[in-house]
Amino acid sequence: MNRDELADFLRARRARVTPAEVGLPGGGRRRTPGLRRQEVAQLAGMSIDYYIRLEQGRGPHPSRQVLGALARALLLTQDERTHLFHLAGQPLDPPRIREDVPASLLHLITFLEEVPAYVVNARGDLRAWNPMADALMGGLSTLPPERLNVIRWVFLSPQIAEHLSDEEKGRFARASVADLRVSAGRYPEDRALQALVAEMLALSPEFAELWAQHDVEIRREQRKQVVHPAVGVIDTICQVMPVPDRDDLRLVLYTTEPGSPSHRALRELRQLTLSS
Numbered sequence: 015m016n017r018d019e020l021a022d023f024l025r026a027r028r029a030r031v032t033p034a035e036v037g038l039p040g041g042g043r044r045r046t047p048g049l050r051r052q053e054v055a056q057l058a059g060m061s062i063d064y065y066i067r068l069e070q071g072r073g074p075h076p077s078r079q080v081l082g083a084l085a086r087a088l089l090l091t092q093d094e095r096t097h098l099f100h101l102a103g104q105p106l107d108p109p110r111i112r113e114d115v116p117a118s119l120l121h122l123i124t125f126l127e128e129v130p131a132y133v134v135n136a137r138g139d140l141r142a143w144n145p146m147a148d149a150l151m152g153g154l155s156t157l158p159p160e161r162l163n164v165i166r167w168v169f170l171s172p173q174i175a176e177h178l179s180d181e182e183k184g185r186f187a188r189a190s191v192a193d194l195r196v197s198a199g200r201y202p203e204d205r206a207l208q209a210l211v212a213e214m215l216a217l218s219p220e221f222a223e224l225w226a227q228h229d230v231e232i233r234r235e236q237r238k239q240v241v242h243p244a245v246g247v248i249d250t251i252c253q254v255m256p257v258p259d260r261d262d263l264r265l266v267l268y269t270t271e272p273g274s275p276s277h278r279a280l281r282e283l284r285q286l287t288l289s290s
């Protein structure tokens, strides 16, 4: 159980729920935004003293019943609920990030000859990719292993301030941090993940600011524009798909609208990869 992280998460989520959202009157002066501690305790059916101890990082191990009640009281999403259970030492999934990629998944991305595809683990490390992904993303095969990480790509970029001010790129950056938060809660014993977070907190103020917000959300489909030096602008749909029986892996596909200029650009890129 990570008492400090659990306490921070409860405080952050409490501050985001308004009385009106949970059917409580919102009158009177409030020193802080969101619900009061006694209101959360009331909604969750527990004593105010017990809840205060949880927020102060000195409470006992909460049961699954208590965690479920808190999730309902704080209007947590499914991703946030899963994160809460992991922080409280009640993981819903096996807390392990494996390094291998199933052979069937490697075969699949190889067969996707016109679709850029790669496999990413719960740390954001790229574990495998096909030739189209290599071409679209600028030579993945030439990068050292420590650079094959989504979080490092985004937050160690010299253009990070510009990216965060852009609606699409900023959404991707924030979603990447929220996704890493989920992994940190799910795999609390993974040293490589802990080292990545510590590294980014030390090197990137932008990452540290987003990390402190305690947002949790698993990455899913998102539109993403890629500017390739050979074929120009490609508007893609970045689809993030879970891998069956492997919660620590996801398959990422870059698709385009059939018949669109971006579709033609992607096909042109494939011809370039075949001729090189």
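In terms of the numbering used here, the sequence shown has 285 at position 271, counting the first letter as 1, and numbering is strictly consecutive.
Glycine included, every Cβ here is placed at the ideal spot set by N, Cα and C.
Exposed unless 16 or more other CB atoms sit within 10 angstroms - verdict on residue i
i, result
"residue 138", "buried"
"residue 84", "buried"
"residue 288", "exposed"
"residue 96", "buried"
"residue 94", "buried"
"residue 264", "buried"
"residue 250", "buried"
"residue 63", "exposed"
"residue 233", "buried"
"residue 61", "exposed"
"residue 286", "exposed"
"residue 241", "exposed"
"residue 215", "exposed"
"residue 204", "buried"
"residue 192", "buried"
"residue 206", "exposed"
"residue 55", "buried"
Contact check, residue i vs residue j, beta carbons under 8 Å
i, j, result
"residue 89", "residue 19", "no"
"residue 200", "residue 224", "no"
"residue 229", "residue 110", "no"
"residue 294", "residue 140", "Residue 294 is absent from the model: the chain starts at 15 and stops at 290."
"residue 144", "residue 157", "no"
"residue 17", "residue 71", "yes"
"residue 117", "residue 283", "no"
"residue 197", "residue 165", "no"
"residue 239", "residue 182", "yes"
"residue 129", "residue 269", "yes"
"residue 21", "residue 81", "no"
"residue 86", "residue 104", "no"
"residue 208", "residue 235", "no"
"residue 51", "residue 65", "yes"
"residue 123", "residue 136", "no"
"residue 227", "residue 29", "no"
"residue 257", "residue 119", "yes"
"residue 220", "residue 170", "no"
Boundaries of the alpha helix (DSSP H) in which residue i is found, first to last residue
i, result
"residue 131", "No alpha helix (DSSP H) contains residue 131, which is instead part of the beta strand (DSSP E) from 131–135."
"residue 27", "17–28"
"residue 69", "62–69"
"residue 92", "92–101"
"residue 199", "181–200"
"residue 4", "In the structure displayed, the chain extends from 15 to 290; residue 4 sits before or after that span and is not available."
"residue 117", "117–125"
"residue 53", "51–58"
"residue 45", "No alpha helix (DSSP H) holds residue 45; DSSP gives it neither H nor E."
"residue 84", "78–87"
Option nearest residue i by Cα separation, candidates the options
i, options, result
"residue 47", "32, 255, 95, 60", "32"
"residue 146", "165, 15, 267", "267"
"residue 244", "64, 59, 264, 280", "280"
"residue 76", "286, 30, 252, 24", "24"
"residue 57", "36, 273, 113", "36"
"residue 217", "28, 168, 260, 275", "168"
"residue 272", "248, 131, 98, 213", "248"
"residue 153", "172, 173, 132", "132"
"residue 275", "38, 246, 260", "246"
"residue 231", "39, 205, 155, 185", "185"
"residue 260", "192, 55, 205, 112", "112"
| request: Can you check the segment 203–261 for any beta strand (DSSP E) of at least 3 residues that lies completely inside it and give the ranges in chain order? | output: 236–242, 246–257
| field | Unbroken stretches of the beta strand (DSSP E), 3 residues or longer, contained in the segment 140–174 | value | 140–143
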